[in-house]
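At position 12 of the sequence shown the residue is numbered 12 (UniProt numbering), and the sequence of numbers has no breaks.
Heads up, the beta-carbon is just placed ideally off N, CA and C, and yes, glycines get one too.
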Amino acid sequence: MQRNAVILAAGKGTRMKSNKYKVLHKVAGKSMVEHVLTNVKNAGVNQIVTIVGHGAEDVKETLGNQSLYSYQEEQLGTAHAVKMANEHLKEVEGTTLVVCGDTPLITAHTLQKLIEHHESTHAQATVLSATAQIPFGYGRIVRNEQRRLQRIVEEKDASEAQKALTEISSGIFAFDNRVLFSKLEEVKNDNAQGEYYLPDVISLILADNGVAEVYHTDDFNEIMGVNDRVMLSNAEKALQQRINIEHMRNGVTIIDPTTTFIGPDVKIGMDTIIEPGVRINGETVIGEEAVIGQYSEINNSHIGSQVDIKQSVINDSIVGDKTKVGPFAQLRPGSNLGSDVKVGNFVEVKKADLKDGAKVSHLSYIGDAEIGERTNIGCGSITVNYDGVNKFKTVVGKDAFIGCNTNLVAPVTVGDGVLIAAGSTITDNVPNESLALARARQITKEGYLKK
1 MQRNAVILAA GKGTRMKSNK YKVLHKVAGK SMVEHVLTNV KNAGVNQIVT
51 IVGHGAEDVK ETLGNQSLYS YQEEQLGTAH AVKMANEHLK EVEGTTLVVC
101 GDTPLITAHT LQKLIEHHES THAQATVLSA TAQIPFGYGR IVRNEQRRLQ
151 RIVEEKDASE AQKALTEISS GIFAFDNRVL FSKLEEVKND NAQGEYYLPD
201 VISLILADNG VAEVYHTDDF NEIMGVNDRV MLSNAEKALQ QRINIEHMRN
251 GVTIIDPTTT FIGPDVKIGM DTIIEPGVRI NGETVIGEEA VIGQYSEINN
301 SHIGSQVDIK QSVINDSIVG DKTKVGPFAQ LRPGSNLGSD VKVGNFVEVK
351 KADLKDGAKV SHLSYIGDAE IGERTNIGCG SITVNYDGVN KFKTVVGKDA
401 FIGCNTNLVA PVTVGDGVLI AAGSTITDNV PNESLALARA RQITKEGYLK
451 K
C-alpha cells in the first residue's frame with residue numbers, strides 16, 4: 001500500500017523570539033524538521049510533502065530532495081495547511097500520515113505502529129494520543145460511553161468538563177488519503193480561533209458513520225511540540241537522555257549523562273568510555289575500548305578502537321586505532337591519523353596525513369602535510385604552508401627526526417631517515433639518510449659583559 005506523509009512546517013513560530021524559522025531550530029545538533037523527516041522515512045513512508053510558508057527557502061535548503069514541497073501563503077489552520085498538498089496527493093491511494101514539523105521527539109517506531117493500527121482497523125482516520133499531566137494547550141480526546149472516539153476539541157473551544165480531560169491529541173494523524181482530501185473541502189472555520197482545524201476532518205468522518213480510531217502512546221515526551229525556548233530546552237534534554245540511555249544499554253560507559261551531548265547519528269563501540277562534558281556530533285563513528293576525555297568535542301569524524309582523546313577538538317577527521325590525541329590538541333578538517341600516532345598538547349593538525357607511529361608531541365602546527373611512519377616531529381616545529389596567497393604541501397618520509405623549533409617551508413620534501421637539527425629553517429629538499437642544519441653558527445664571547 002502507498003504510504004504518504006505531510007509534514008506541517010509553515011508556522012512562523014513567533015513565541016521562539018527568533019529570526020530563524022521555527023522548525024530549523026536544532027535539537028541534539030539537528031533541526032527539528034530533520035528529526036521529523038528522518039523518522040517519517042524510517043516508518044516506511046514512500047512519499048513526503050512538506051508544507052512551507054515563512055522561511056520556505058531555508059527549509060528547502062535543509063531538506064533538499066528528500067521531500068516534495070507545497071507553499072501555504074497564509075496560515076489559516078492545520079486543515080488549510082494539509083489542503084495545500086492537494087497538488088501532490090489529491091488523487092493518490094493509500095495512507096497519509098500528518099506530522100507537525102516541531103515534534104522532534106516522535107520516533108519511527110511509534111509512527112509505524114500508528115500506521116499499522118490505522119490500516120489493520122480499516123479506519124478512515126486515526127489520531128495519535130497521549131496522557132498529559134498538564135493538558136493545557138492541547139486538543140482533548142472526547143470519547144463516548146463505549147470509549148470510542150467521539151471528537152477532538154481544541155483548548156479554546158472546550159467546555160470546563162472537556163478541559164479536565166487528560167487524554168490529548170498529539171496533532172499527528174493517519175488518514176485514508178482520498179477520504180482526507182475529500183473531507184478537507186468540507187471543513188469550516190466557525191470556531192473560537194477562526195481557523196480550519198484538521199481534527200474537524202474526524203468529526204466529518206464520524207458524522208458519515210465512518211471509522212475513526214485512537215492509537216495511544218505511553219510516552220508523552222514523544223509528542224511534545226516546541227513553541228518557545230523553554231520547550232526547546234526540554235526537548236533537548238529529553239532527546240539527549242534517550243540517546244545516552246541507548247548507548248549505555250549497548251555497552252558504552254557514559255560517566256555523567258547529564259553533561260554528555262551525543263548526536264542522533266553517532267555510533268559508538270562497546271567498552272568505550274565517555275567522560276563528563278563531552279560533545280559528539282554529526283555522523284561520527286567511534287570504535288571499541290576508546291576513551292573520550294572530558295570536555296572533548298568531536299564532529300563528523302571516524303575514531304578507531306583503543307583511542308585516547310584528552311580535552312581536544314576534532315572535526316571531519318580520521319583517527320586510527322591506539323592513537324593518542326591531546327590534551328588540548330585540535331584536528332581540523334582533512335586530518336588523517338594512522339595507528340599508534342601521538343598528537344600531543346597544543347598541537348594543531350589540518351589537512352594532513354600522519355602515518356602509523358608518527359609523533360607530534362607538543363606545540364606544533366602541521367598543515368597540508370604528509371608525515372611518514374615512525375617520524376618524530378620535535379617540540380615547536382611547524383610546516384610553513386602559506387605564502388599569503390597559496391597553500392603548499394610538506395612531505396616528510398618515514399623514520400625521520402625533526403628537531404625542536406624547525407620550520408619546514410613548503411613546498412618541501414624531507415626524505416626517509418633524515419635528521420634535522422633543532423632550530424633549522426628548511427627551504428630545500430633533504431635526501432634520504434641526511435643531516436640538515438639551517439641556522440646561524442653560535443658565537444660566544446667569554447667575559448664580554450665584564451668589560
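Would you please state the rounded distance, in angstroms, between the beta carbons of residue 108 and residue 43? I believe it to be under 8 angstroms. Confirmed, about 5 angstroms.
Return the CA-CA distance between residue 284 and residue 269, expressed in angstroms with no decimal places. The alpha-carbon of residue 284 is positioned some 11 angstroms away from that of residue 269.
Can you round the beta-carbon distance between residue 111 and residue 39 to whole angstroms, since I take them to be within the 8 angstroms contact cut? 6 angstroms
Is there contact between the region 249-266 and the region 125-141, where contact requires at least three CB pairs shorter than 8 angstroms? The count of Cβ pairs closer than 8 angstroms, one atom from the region 249-266 and one from the region 125-141, stays below three, leaving the stretches out of contact.
Does the region 220-232 come close enough to the region 181-192 that 3 or more CB-CB pairs lie under 8 angstroms? no
Looking at residue 55: is its Cβ nearer than 8 angstroms to the Cβ of residue 71? No, the pair does not count as a contact, with Cβ atoms beyond the cut-off.
Have a look at 57, 124, 248 and 340 and flag the residue whose alpha-carbon is nearest the alpha-carbon of residue 209. For residue 209, the closest alpha carbon among the candidates 57, 124, 248 and 340 is that of 124.
Flag this pair as yes or no: are the beta carbons of residue 392 and residue 416 separated by less than 8 angstroms? no
Straight-line gap, residue 298 to residue 314 (C-alpha atoms, nearest Å): Residue 298 and residue 314: Cα-Cα distance of roughly 5 angstroms.
First through last residue of the alpha helix (DSSP H) which encompasses residue 252: Run containing residue 252: none; DSSP gives neither H nor E here.
Alpha carbon to alpha carbon, how far is residue 160 from residue 168? 15 angstroms
Whose C-alpha, out of 155, 120, 147 and 151, is nearest the C-alpha of residue 135? Among 155, 120, 147 and 151, the Cα nearest to that of residue 135 is on 155.
What number of angstroms, rounded off, separates the C-alpha of residue 330 from the C-alpha of residue 338? 16 angstroms
Under a Cβ-count criterion, where at least 16 other Cβ atoms within 10 Å of its own Cβ denotes burial, should residue 144 be classed as buried or exposed? exposed
Could you give the residue range of the beta strand (DSSP E) that holds residue 122? In this chain, residue 122 is not harboured by any beta strand (DSSP E), its DSSP state being neither H nor E.
Mind reading off the beta-carbon distance from residue 287 to residue 316? Whole number of angstroms is fine, and I expect it under 8 angstroms. Actually they are not in contact, since the Cβ atoms of residue 287 and residue 316 sit about 17 angstroms apart, beyond 8 angstroms.
In chain order, what residues of the same chain lie with their CB nearer than 7 angstroms to the CB of residue 122, ignoring the 5 residues before and after it? 211
By a C-beta neighbour count over all protein chains shown, 10 Å radius and 16 as the cutoff for buried, is residue 4 buried or exposed? For residue 4, the number of other beta carbons within 10 angstroms of its own is at least 16, and it is reported as buried.
Check the C-beta distance from residue 397 over to residue 372 and give it rounded, since I have them as a contact under 8 angstroms. 4 angstroms
Give the secondary structure of residue 197 by DSSP, where H, G and I count as helix, E and B as strand, and everything else as coil. coil
Residues in its own chain within less than 6 angstroms of residue 348 by CB, not counting five upstream and five downstream? 330 and 365
Cutoff 6 angstroms; reference residue 165; Cβ partners in own chain excluding five residues on either side: 140
Between 355, 296 and 327, which lies nearest to residue 320 when the distance is taken from Cα to Cα? 355
Select from 410, 409, 421 and 386 the residue whose C-alpha is nearest the C-alpha of residue 402. 421
Starting from residue 348, follow its DSSP beta bridges and name the residues at the other end. 330 and 365
Using only alpha-carbon positions, find the residue among 351, 307, 312 and 327 that is nearest to residue 494. Outside the modelled stretch of the chain, which goes from 1 to 451, sits residue 494, for which no answer is possible.
Once the 5 residues before and after residue 301 are set aside, which same chain residues still bring their CB inside 6 angstroms of it? 284, 314 and 317
Contact check, residue 37 vs residue 63 under 8 angstroms by CB: the rounded distance? Contact between residue 37 and residue 63 holds: CB atoms are separated by about 6 angstroms, below the 8 angstroms threshold.
Extract the residue ranges of the beta strand (DSSP E) inside the region 82-148, only unbroken runs of 3 or more that lie entirely within it. 95-100, 125-131 and 140-143
Anticipated Cβ contact below 8 angstroms, residue 433 with residue 395, distance rounded: With a Cβ gap of about 16 angstroms, residue 433 and residue 395 do not count as contacting.
Reduced DSSP category for residue 437 - H, G, I as helix; E, B as strand; rest coil: coil
Buried or exposed: residue 224, going by 16 or more other Cβ atoms within 10 Å of its Cβ? buried
Residue range of the beta strand (DSSP E) that residue 3 falls in? 3-9
Taking the alpha carbon of residue 260 as the reference point, which residue from 228, 293, 12 and 32 has its own alpha carbon closest? 293
Compute the distance between the beta-carbons of residue 272 and residue 289, then report whether it is under 8 angstroms. Yes, they are a contact pair.
Go through the region 180-233 residue by residue and report every complete run of the alpha helix (DSSP H) that reaches 4 residues or more, in order. 199-207
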